[in-house]
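Student: Submitted below is the structure of interest, expressed as structure tokens.
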Amino acid sequence: MISVQGQFSFLRNMHYAARHLHNVIIAGVVGAAVSGAVRPFWTGFKAIAAAPAAISAGQGTSK
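Heads up: the sequence shown begins at 999 in the numbering used here, then just goes up one per residue.
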């Protein structure tokens, strides 16, 4: 038979493991959301930054 202290110790360890797993899942979800939001923003930012150079190059040759 397992002692009461042993049972509480087991339950405490299970609680810590579940809490850690919960934190890992939350961190993964937040990381995926941030990664998914940053990539389109960065792609759009690079396109906007490149646009003035393309526009000015086009204006010089259209005359």
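C-beta: ideal position from N, C-alpha, C; glycine also.
For M999, which of helix, strand or coil comes out of DSSP?
Tutor: Residue mapping note: residue 999 aligns to position 1 of the sequence shown, counting from 1. In this structure, M999 counts as coil in the three-state DSSP scheme.
Student: Between I1000 and the rest of its own chain, which residues show a CB-CB distance below 8 Å, the 5 nearest in sequence each way excluded?
Tutor: Stepping through the sequence shown from its first residue, residue 1000 is reached at position 2. Closer than 8 Å at Cβ, skipping near neighbours: F1008.
Student: Note down the Cα distance separating G1042 from H1018, rounded to an integer number of angstroms.
Tutor: By one-based count along the sequence shown, residue 1042 stands at place 44. By one-based count along the sequence shown, residue 1018 stands at place 20. The alpha-carbon atoms of G1042 and H1018 are separated by roughly 36 Å.
Student: Out of curiosity, what's the CA-to-CA distance linking Q1003 and A1015?
Tutor: Your numbering for residue 1003 matches position 5 in the sequence shown. Your numbering for residue 1015 matches position 17 in the sequence shown. Their Cα atoms are separated by approximately 18 Å.
Student: State the Cα-Cα distance for the pair G1034 and G1026, rounded to the nearest angstrom.
Tutor: Your numbering for residue 1034 matches position 36 in the sequence shown. Your numbering for residue 1026 matches position 28 in the sequence shown. Distance between the alpha carbons of G1034 and G1026 is about 12 Å.
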